[in-house]
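Participant:
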Amino acid sequence: MTLVAHLTELRKRVGLSLLFIVLGTALAFWWYEHGLGEFIRAPYCGLPEDLRYNDADGDCGLLITDVFSGALIRLKISFIVGIVLSAPFWLFQLWRFITPGLKRNEKLYGVCFVAASSALFALGAALAYVSLAAGLRLLLGLAGDGVIVALTAQDYIGFVISLLLAFGVSFELPLIAVMLNLAGVLSYAALSSARRWIVFLTFVFAAFVTPTQDPFTMLVMAVPMVVLFEGAIQVARLVDKRRARRAAIESFHDVDDDEASPLEAAPSVLDDQATHSEPLHSPST
Numbered sequence: 001m002t003l004v005a006h007l008t009e010l011r012k013r014v015g016l017s018l019l020f021i022v023l024g025t026a027l028a029f030w031w032y033e034h035g036l037g038e039f040i041r042a043p044y045c046g047l048p049e050d051l052r053y054n055d056a057d058g059d060c061g062l063l064i065t066d067v068f069s070g071a072l073i074r075l076k077i078s079f080i081v082g083i084v085l086s087a088p089f090w091l092f093q094l095w096r097f098i099t100p101g102l103k104r105n106e107k108l109y110g111v112c113f114v115a116a117s118s119a120l121f122a123l124g125a126a127l128a129y130v131s132l133a134a135g136l137r138l139l140l141g142l143a144g145d146g147v148i149v150a151l152t153a154q155d156y157i158g159f160v161i162s163l164l165l166a167f168g169v170s171f172e173l174p175l176i177a178v179m180l181n182l183a184g185v186l187s188y189a190a191l192s193s194a195r196r197w198i199v200f201l202t203f204v205f206a207a208f209v210t211p212t213q214d215p216f217t218m219l220v221m222a223v224p225m226v227v228l229f230e231g232a233i234q235v236a237r238l239v240d241k242r243r244a245r246r247a248a249i250e251s252f253h254d255v256d257d258d259e260a261s262p263l264e265a266a267p268s269v270l271d272d273q274a275t276h277s278e279p280l281h282s283p284s285t
């Protein structure tokens, strides 16, 4: 394909991806009044009454401080949820664009990477949502008695989104270690020798990344990440063993990459014997 043909194909795929995102956003905008809003407010509204805002009827709610906040918050949530709902469709368009330039094994690695990264991101986001109520109870409870807690919708939605993204993206890091090992950049020996540093830096990373920065949320993020990193180390061990067996079978595996192969221009002993040996059947006289 020419450059113009590539650009035309890219424009087509981008246009279809944007169309799917718009449709997903419209669906999420309708879903907001049919369960999505309650799902987002559930961790906050599940707190004790002294830690949340209640109206005259005792119902839980979030505060709006200006005219446009309600519309902007709903559009923001609808757009983010629309991207998630339409992810299979726009990822498929991206895949259709890059697939013609990949080999068969590269296609397999790509499918596995997309599937694993999606599953890990969903796992991290789900774990963040489950731990959200406990984190809010701990943080808001530190305000003490005599303080009325009333969160605005902007603050709460921003906090929830940042927490979900922090957990989802953090759970991708062990997968990156596996991909670097498959590419031959990071070996099992290096990962195994750095195991203690990985555990230590994981806890430091969780302490800085978590929006709440409380010990509970840090542990909820760090402990699963340590388990995932240990799984990545074991995967690297299996990959390196398989790579070593394959290298042992191939010829000249002990020769360095910058060293010439030990090939001789002279014929081997077998060829020399075959050339000068007498024929098996002498011609009859």
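Numbering-wise, UniProt numbering puts 252 at position 252 of the sequence shown, and it's gapless, one number per residue.
Just so you know, even glycine gets a beta-carbon here, dropped at the ideal spot from N, CA and C.
Which residue's Cα is closest to the Cα of residue 287: PHE203, ILE233, TRP31?
Facilitator: The chain is shown from 1 up to 285; residue 287 falls before or after that span and cannot be answered.
Participant: So the alpha helix (DSSP H) LYS12 belongs to, where does it begin and stop?
Facilitator: On the sequence shown, residue 12 is found 12 positions in, with the first residue counted as 1. It spans 3–31 - the alpha helix (DSSP H) in which LYS12 sits, taken as one unbroken run.
Participant: Kindly indicate the opening and closing residues of the alpha helix (DSSP H) around residue 328.
Facilitator: This structure does not reach residue 328, given that the chain is present from 1 up to 285, and the question cannot be answered.
Participant: Work out the CA separation of LEU142 and GLY110 for me, nearest whole Å.
Facilitator: Numbered from its first residue, the sequence shown carries residue 110 at position 110. Numbered from its first residue, the sequence shown carries residue 142 at position 142. Each residue's Cα considered, the two are about 46 angstroms apart.
Participant: Below 6 angstroms CB to CB, which residues in the same chain sit around PRO224 once its five sequence neighbours on both sides are set aside?
Facilitator: If you number the sequence shown from 1, residue 224 lands on position 224. Result list for PRO224: empty, nothing under 6 angstroms.
Participant: Among the residues of its own chain, which have a CB less than 7 angstroms from the CB of SER162, if the five just before and after it don't count?
Facilitator: By 1-based counting over the sequence shown, the position of residue 162 is 162. Answer for SER162: PRO211, listed in chain order.
Participant: Would you give the residue range spanned by the alpha helix (DSSP H) that PRO174 belongs to?
Facilitator: Residue 174 sits at position 174 when you count from the first residue of the sequence shown. Taken as a continuous stretch (DSSP letters only), the alpha helix (DSSP H) holding PRO174 covers 173–182.
Participant: Whose C-beta lies closer than 6 angstroms to the C-beta of SER17 among residues of the same chain, with five residues either side of it excluded?
Facilitator: Indexing the sequence shown from 1 puts residue 17 at position 17. For SER17, where only same-chain residues beyond five positions count, the Cβ hits under 6 angstroms are TRP90, GLN93.
Participant: For LEU63, does the three-state DSSP call read helix, strand or coil?
Facilitator: Taking the first residue of the sequence shown as 1, we reach residue 63 at position 63. In the structure shown, LEU63 sits in a strand (DSSP, three-state: E or B).
Participant: Decide if the region 230–244 is in contact with the region 176–195; the criterion is three or more beta carbon pairs, one per stretch, under 8 angstroms apart.
Facilitator: A contact exists between the region 230–244 and the region 176–195.
Participant: With GLN154 and SER69 assumed to form a contact (beta carbons below 8 angstroms), what rounded beta-carbon distance in angstroms separates them?
Facilitator: Taking the first residue of the sequence shown as 1, we reach residue 154 at position 154. Taking the first residue of the sequence shown as 1, we reach residue 69 at position 69. Confirmed, Cβ separation roughly 6 angstroms.
Participant: Measure the C-alpha to C-alpha separation of ILE198 and GLU9 and round it to an integer number of angstroms.
Facilitator: Here residue 198 refers to the residue found at position 198 when the sequence shown is read from its first residue. Here residue 9 refers to the residue found at position 9 when the sequence shown is read from its first residue. In a straight line, the C-alpha of ILE198 is about 42 angstroms away from that of GLU9.
Participant: Please report the distance separating the alpha-carbon of ILE98 from that of VAL149.
Facilitator: One-based indexing of the sequence shown puts residue 98 at position 98. One-based indexing of the sequence shown puts residue 149 at position 149. Between ILE98 and VAL149, the C-alpha separation is close to 51 angstroms.
Participant: Which residues does DSSP list as the beta-bridge partners of THR210?
Facilitator: In the sequence shown, residue 210 corresponds to position 210, counting from 1. For THR210, which the question treats as bridged, DSSP gives no partner whatsoever.
Participant: Counting beta carbon pairs with one atom in the region 109–128 and one in the region 38–46, are three or more of them shorter than 8 angstroms?
Facilitator: Contact between the region 38–46 and the region 109–128 is absent, because fewer than three Cβ pairs lie under 8 angstroms.
Participant: Using three-state DSSP, classify THR285 as helix, strand or coil.
Facilitator: Indexing the sequence shown from 1 puts residue 285 at position 285. In this prediction, THR285 scores a pLDDT of 46, lower than 50, which makes its location untrustworthy; the coordinate-derived value is nonetheless stated afterwards. Coil.
Participant: Could you tell me the distance, in whole angstroms, from the CA atom of LEU138 to the CA atom of VAL14?
Facilitator: Within the sequence shown, residue 138 is the residue found at index 138, counting from 1. Within the sequence shown, residue 14 is the residue found at index 14, counting from 1. Their Cα atoms are separated by approximately 44 angstroms.
Participant: Taking the straight line between their C-alpha atoms, what separation do you get for ARG242 and ALA183?
Facilitator: On the sequence shown, residue 242 is found 242 positions in, with the first residue counted as 1. On the sequence shown, residue 183 is found 183 positions in, with the first residue counted as 1. Approximately 14 angstroms between the Cα atoms of the pair.
Participant: Start and end of the alpha helix (DSSP H) containing GLU38?
Facilitator: Position 38 of the sequence shown, counted from the first residue, corresponds to residue 38. Its alpha helix (DSSP H) spans residues 36–45.
Participant: Within the region 87–143, note down every full alpha helix (DSSP H) run reaching 4 residues or more, in order along the chain.
Facilitator: As far as the region 87–143 is concerned, its whole alpha helix (DSSP H) runs of at least 4 residues are 87–98, 104–141.
Participant: In whole angstroms, what is the alpha-carbon distance linking TYR156 and VAL114?
Facilitator: Position 156 of the sequence shown, counted from the first residue, corresponds to residue 156. Position 114 of the sequence shown, counted from the first residue, corresponds to residue 114. Computed Cα separation, rounded: 30 angstroms.
Participant: Identify, in the order they occur along the chain, each residue of the same chain with its Cβ nearer than 6 angstroms to the Cβ of GLY168, setting aside the five sequence neighbours on each side.
Facilitator: Along the sequence shown, one-based indexing puts residue 168 at 168. So the qualifying residues of the chain are PHE121, GLY124, ALA125.
Participant: Are TYR32 and ARG74 touching if we call contact CB-CB under 8 angstroms?
Facilitator: Your numbering for residue 32 matches position 32 in the sequence shown. Your numbering for residue 74 matches position 74 in the sequence shown. In this structure, ARG74 lies closer than 8 angstroms to TYR32 by Cβ.
Participant: Among the residues of its own chain, which have a CB less than 6 angstroms from the CB of VAL81, if the five just before and after it don't count?
Facilitator: Within the sequence shown, numbered from 1, the residue matching residue 81 stands at position 81. Here the set comprises ALA28.
Participant: Which first and last residues belong to the alpha helix (DSSP H) in which ASP50 is found?
Facilitator: Position 50 of the sequence shown, counting from 1, holds the residue named residue 50. Segment: none, ASP50 is in no alpha helix (DSSP H) and carries neither H nor E.
Participant: In chain order, what residues of the same chain have a beta carbon less than 6 angstroms from the beta carbon of ASN181, not counting five sequence neighbours either side?
Facilitator: As a working note, residue 181 is residue 181 in the sequence shown. Within the same chain, ASN181 has close Cβ partners ALA236, VAL239.
Participant: In this structure, what does DSSP give as the bridge partners for THR152?
Facilitator: Here the question's residue 152 lines up with position 152 in the sequence shown. THR152 pairs with LEU63.
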